[in-house]
Amino acid sequence: MLVDETLFSSDALKVTFLITRLTGPALQWVIPYIRKKSPLLNDYRGFLAEMKRVFGWVEDEDF
43 MLVDETLFSS
53 DALKVTFLIT
63 RLTGPALQWV
73 IPYIRKKSPL
83 LNDYRGFLAE
93 MKRVFGWVED
103 EDF
């Protein structure tokens with residue numbers, strides 16, 4: 043699931059929207075980032091890149 047980048051005014055809002063859609067291992071993975079107030083939560087492209095790295099998501103697959 044990618045975010046229509048035109049619908050949100052900031053990277054933080056894009057990441058927040060994605061987080062609200064997470065479940066299971068992906069949700070458990072993001073909790074420490076939230077607790078630490080990680081700068082990654084303000085970087086949409088960086089957040090996606092880290093999710094791809096951790097979960098092995100291939101660009102052509104649905105998120």
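When we follow our numbering, the leftmost residue of the sequence shown carries the number 43, and every step to the right adds one. Every residue gets a Cβ at the ideal spot worked out from N, C-alpha and C, and that includes glycine.
Q: List the endpoints of the continuous alpha helix (DSSP H) containing residue 100.
A: Residue 100 -> no alpha helix (DSSP H), and no H or E assigned at all.
Q: Return the chain-ordered list of same chain residues with a C-beta closer than 7 Å to the C-beta of residue 64, the five sequence neighbours on each side being excluded.
A: 72
**Q.** Contacts around residue 61, its chain only, beta-carbon distance under 7 Å, and the 5 residues preceding and following it disregarded
**A.** 72
Q | Collapsed DSSP secondary structure at residue 56 in the structure displayed | A | helix
Q. What three-state label does DSSP hand residue 65 in the structure shown?
A. coil
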